[in-house]
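The listed protein sequences correspond, in order, to chains D and H.
Residue numbering for the first sequence follows this note's numbering, starting at 2 and increasing by one per position.
Residue numbering for the second sequence follows this note's numbering, starting at 2 and increasing by one per position.
Protein chains: 2
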Amino acid sequence: MAKILSAAPVVEALRQKTLVKTQALASAGITPVLGILRVGEKSADLSYERGVKRRCGDVGIEVRVCALPADASQEAILDAVGALNADPAVSGILMFRPLPRGIDERRVCEAILPEKDVDGAGLRSLSGVFSGCGLGFASGISQAAMEMLHYYEIPVAGKEVCVIGRSLVVGRPAAMLLLAEDATVTICHSRTRDLKAQVRRADIVITGVGRAEMIGEDWVRPGQVLIDIGLSYSPVKQKLCGDVDLDAVAPIVDAVTPVPGGVGAVTSMVLLSHVAEAADRRYRLLLSRRAGQAE
Amino acid sequence: MAKILSAAPVVEALRQKTLVKTQALASAGITPVLGILRVGEKSADLSYERGVKRRCGDVGIEVRVCALPADASQEAILDAVGALNADPAVSGILMFRPLPRGIDERRVCEAILPEKDVDGAGLRSLSGVFSGCGLGFASGISQAAMEMLHYYEIPVAGKEVCVIGRSLVVGRPAAMLLLAEDATVTICHSRTRDLKAQVRRADIVITGVGRAEMIGEDWVRPGQVLIDIGLSYSPVKQKLCGDVDLDAVAPIVDAVTPVPGGVGAVTSMVLLSHVAEAADRRYRLLLSRRAGQAE
Numbered sequence: 002m003a004k005i006l007s008a009a010p011v012v013e014a015l016r017q018k019t020l021v022k023t024q025a026l027a028s029a030g031i032t033p034v035l036g037i038l039r040v041g042e043k044s045a046d047l048s049y050e051r052g053v054k055r056r057c058g059d060v061g062i063e064v065r066v067c068a069l070p071a072d073a074s075q076e077a078i079l080d081a082v083g084a085l086n087a088d089p090a091v092s093g094i095l096m097f098r099p100l101p102r103g104i105d106e107r108r109v110c111e112a113i114l115p116e117k118d119v120d121g122a123g124l125r126s127l128s129g130v131f132s133g134c135g136l137g138f139a140s141g142i143s144q145a146a147m148e149m150l151h152y153y154e155i156p157v158a159g160k161e162v163c164v165i166g167r168s169l170v171v172g173r174p175a176a177m178l179l180l181a182e183d184a185t186v187t188i189c190h191s192r193t194r195d196l197k198a199q200v201r202r203a204d205i206v207i208t209g210v211g212r213a214e215m216i217g218e219d220w221v222r223p224g225q226v227l228i229d230i231g232l233s234y235s236p237v238k239q240k241l242c243g244d245v246d247l248d249a250v251a252p253i254v255d256a257v258t259p260v261p262g263g264v265g266a267v268t269s270m271v272l273l274s275h276v277a278e279a280a281d282r283r284y285r286l287l288l289s290r291r292a293g294q295a296e
Numbered sequence: 002m003a004k005i006l007s008a009a010p011v012v013e014a015l016r017q018k019t020l021v022k023t024q025a026l027a028s029a030g031i032t033p034v035l036g037i038l039r040v041g042e043k044s045a046d047l048s049y050e051r052g053v054k055r056r057c058g059d060v061g062i063e064v065r066v067c068a069l070p071a072d073a074s075q076e077a078i079l080d081a082v083g084a085l086n087a088d089p090a091v092s093g094i095l096m097f098r099p100l101p102r103g104i105d106e107r108r109v110c111e112a113i114l115p116e117k118d119v120d121g122a123g124l125r126s127l128s129g130v131f132s133g134c135g136l137g138f139a140s141g142i143s144q145a146a147m148e149m150l151h152y153y154e155i156p157v158a159g160k161e162v163c164v165i166g167r168s169l170v171v172g173r174p175a176a177m178l179l180l181a182e183d184a185t186v187t188i189c190h191s192r193t194r195d196l197k198a199q200v201r202r203a204d205i206v207i208t209g210v211g212r213a214e215m216i217g218e219d220w221v222r223p224g225q226v227l228i229d230i231g232l233s234y235s236p237v238k239q240k241l242c243g244d245v246d247l248d249a250v251a252p253i254v255d256a257v258t259p260v261p262g263g264v265g266a267v268t269s270m271v272l273l274s275h276v277a278e279a280a281d282r283r284y285r286l287l288l289s290r291r292a293g294q295a296e
């Protein structure tokens with residue numbers, strides 16, 4: 002029977018790691034600050050905001066919300082980003098997306114400084130993930146998939162990994178993070194000829210397409226690890242589920258992440274760890290600059 | 002017997018396409034200009050420079066060389082990049098690399114404006130290739146591999162493509178260009194477990210590792226296309242050769258690019274096509290701005 006890779010212990014371990022970092026920063030007189038930029042008052046945004054605030058408080062991160070009216074202009078939104086960029090106290094920026102219609106979201110994302118782009122929204126963060134140069138941050142969901150593998154000590158180097166999906170938020174960044182850890186990565190998508198064969202062949206499958214329970218028993222074999230980033234509603238089972246039919250594959254594969262309670266549930270803690278990391282990077286940069294001046 | 006995919010007709014076709022573009026620009030009073038930045042007088046750089054000048058003249062592209070002494074400072078090099086960036090007449094910038102020791106080459110590459118980065122040197126060009134957003138340009142060698150596939154009408158969509166190598170100049174950009182054309186892409190590298198099996202499985206193989214004649218007859222099967230970006234010296238055959246043992250695979254596979262006279266020979270014409278493209282993009286941008294002002 003497959004091991005169910007649940008989010009809870011991963012989140013707790015990441016929370017502890019983040020806490021260690023924020024406590025070290027606190028002893029240097031620094032409080033990491035997450036700046037949230039919200040346009041309008043969508044209930045999903047407000048609910049996520051409440052959750053983030055609670056979790057931030059729990060790990061010593063301060064939250065400052067910049068809330069704009071739903072009809073805010075492009076200029077007003079860019080000004081708000083500029084203010085968060087310029088504020089030295091703000092370590093990281095989370096902007097709720099999608100932005101209202103008529104706003105050039107790409108342009109606003111690009112305006113976020115990469116060193117504060119804890120949500121991996123901008124192209125410079127993407128180029129950091131692509132090149133491994135350390136600029137910006139990976140998207141929360143792609144990083145959460147890696148946190149799952151790390152926590153459960155699933156080796157990646159030299160393994161055949163099949164990534165299903167090629168979006169800029171899930172598939173492509175996940176592929177690059179896996180490549181950086183020496184996996185042999187195959188990127189599959191809607192135009193892939195025999196997806197089932199690709200999945201069966203892989204040692205590790207990372208899937209994020211949002212097709213309810215697409216991966217069934219005839220798609221898998223013993224020894225595999227399935228990381229499920231999909232989220233969709235199954236009309237058959239009348240519930241939220243992932244790309245993997247967990248009940249069907251559990252008797253066959255080695256390990257599988259559930260949905261809900263899997264990768265998605267790790268994402269918001271990844272965001273907090275990025276805020277602490279951003280504050281830490283900034284602190285180290287200041288230290289090295291001071292050391293440079295002292296010489 | 003495999004079809005030998007030689008560079009000559011690909012270069013000629015690309016030359017014609019570039020010429021069409023430069024002639025259209027000429028009729029609008031625009032001459033595309035390639036700005037070359039050279040630090041020192043390495044013979045390889047000088048020889049490449051002569052070749053580029055000749056080919057540029059042939060397609061109506063003007064060349065301006067900014068030559069700095071071998072001991073030029075970081076500031077002097079950055080100033081030269083800044084001047085080429087600021088010069089509205091300069092369409093694209095080619096900077097010979099590697100820069101002399103002690104120079105922060107990454108920083109200089111990042112200084113090149115992405116819209117003039119015809120050699121794909123900067124991270125913003127990489128992010129353009131990664132995201133498909135149209136920013137900057139792909140590296141010449143990765144684009145040259147695609148030009149080979151396009152010219153010889155080798156379909157890529159839905160095909161299994163094995164890319165060997167994960168550098169930021171060859172493997173990773175090639176993988177992203179292939180993905181954008183709907184290939185199912187596997188990225189292999191030094192840590193890949195069974196490289197031979199990966200190669201045998203693929204419909205198309207793009208290899209750029211520089212291991213002389215690594216891919217022999219037992220690595221391939223009928224129906225495959227091999228695109229060879231490798232370049233190394235074979236001590237056995239006492240000549241330059243690619244990653245593919247052409248004599249060994251030719252009786253088996255469908256098509257293969259030779260080395261020399263293959264992908265590498267297409268690269269410099271790709272550079273020129275990028276210069277024309279950069280001038281064209283700039284012209285269209287000016288036109289659309291003028292149209293905006295006229296409204």
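Glycine residues also receive a C-beta, built at the ideal position from the N, C-alpha and C atoms.
A quick note: this is a predicted structure, and the numbers were derived from the prediction, not measured.
List the residues of chain H that residue i touches, going by C-beta distances under 8 Å, in chain order.
i: G159(D); result: R192, T193 and R194
What whole-angstrom Cβ distance do residue i and residue j have, given they're in contact under 8 Å?
i: Q75(D); j: I104(D); result: 5 Å
i: S140(H); j: V91(H); result: That belief does not hold up - the Cβ atoms of S140(H) and V91(H) are roughly 20 Å apart, past 8 Å.
i: M270(H); j: L15(H); result: 5 Å
i: D281(H); j: L79(H); result: About 28 Å; that fails the 8 Å criterion.
i: V260(H); j: I142(H); result: With a Cβ gap of about 12 Å, V260(H) and I142(H) do not count as contacting.
i: V66(D); j: E42(D); result: No, V66(D) and E42(D) are not in contact; Cβ-Cβ is about 11 Å, not under 8 Å.
Nearest-angstrom Cα distance between residue i and residue j?
i: L47(H); j: C242(H); result: 24 Å
i: L20(D); j: A277(D); result: 8 Å
i: D229(H); j: A8(H); result: 12 Å
i: L227(D); j: D195(H); result: 22 Å
i: L150(H); j: G121(H); result: 20 Å
i: L178(D); j: L6(D); result: 20 Å
i: D219(D); j: D246(D); result: 11 Å
i: D88(H); j: K238(H); result: 48 Å
i: S235(D); j: M147(D); result: 26 Å
i: A77(H); j: L38(H); result: 11 Å
i: I188(H); j: Q144(H); result: 17 Å
i: I31(H); j: E111(H); result: 27 Å
i: E13(D); j: H275(D); result: 15 Å
i: P156(D); j: V130(H); result: 29 Å
i: R291(D); j: G135(D); result: 22 Å
i: I253(H); j: F97(H); result: 39 Å
i: L286(D); j: A29(D); result: 14 Å
i: L1(D); j: I205(H); result: Look at the range of chain D in this structure, 2 to 296, and you will see that residue 1(D) is not part of it.
i: K18(H); j: P115(H); result: 23 Å
i: A279(H); j: G224(D); result: 50 Å
i: K22(H); j: A198(D); result: 44 Å
i: G293(H); j: P99(D); result: 27 Å
With the cut-off set at 8 Å, would you say residue i and residue j are in Cβ contact?
i: G93(H); j: K54(H); result: no
i: C163(D); j: A203(D); result: yes
i: G137(D); j: G172(D); result: no
i: V221(H); j: V200(H); result: yes
i: V257(D); j: V11(D); result: no
i: V40(D); j: L69(D); result: yes
i: Q125(D); j: S44(H); result: Per the sequence shown, the amino acid found at residue 125(D) is Arg instead of Gln. Taking 8 Å as the Cβ cut-off, R125(D) and S44(H) do not qualify as a contacting pair.
i: R192(D); j: A158(H); result: yes
i: A81(D); j: P101(D); result: no
i: V250(D); j: I216(D); result: yes
i: V60(D); j: L272(D); result: no
i: L180(D); j: R167(H); result: yes
i: C255(H); j: K4(H); result: Inspection of the sequence shows that residue 255(H) is occupied by Asp rather than by Cys. Result yes, Cβ atoms of D255(H) and K4(H) sit closer than 8 Å.
i: K160(D); j: A184(D); result: yes
i: G211(H); j: G231(H); result: yes
In chain order, what residues of the region 165-193 of chain H put their CB closer than 7 Å to some CB of chain D? R167, L169, R173, L180, D183, T185, V186, T187, I188, C189, R192 and T193
When Cβ atoms are compared, which residues of the region 129-158 of chain H fall closer than 9 Å to chain D? G129, V130, F131, S132, G133, C134, L136 and A158
Under 7 Å (Cβ pairs) to chain D, residues found in the region 108-131 of chain H: L124, R125, L127, S128 and F131
Looking at chain D, which residues of the region 199-215 of chain H have a Cβ within less than 8 Å of any of its Cβ atoms? Q199
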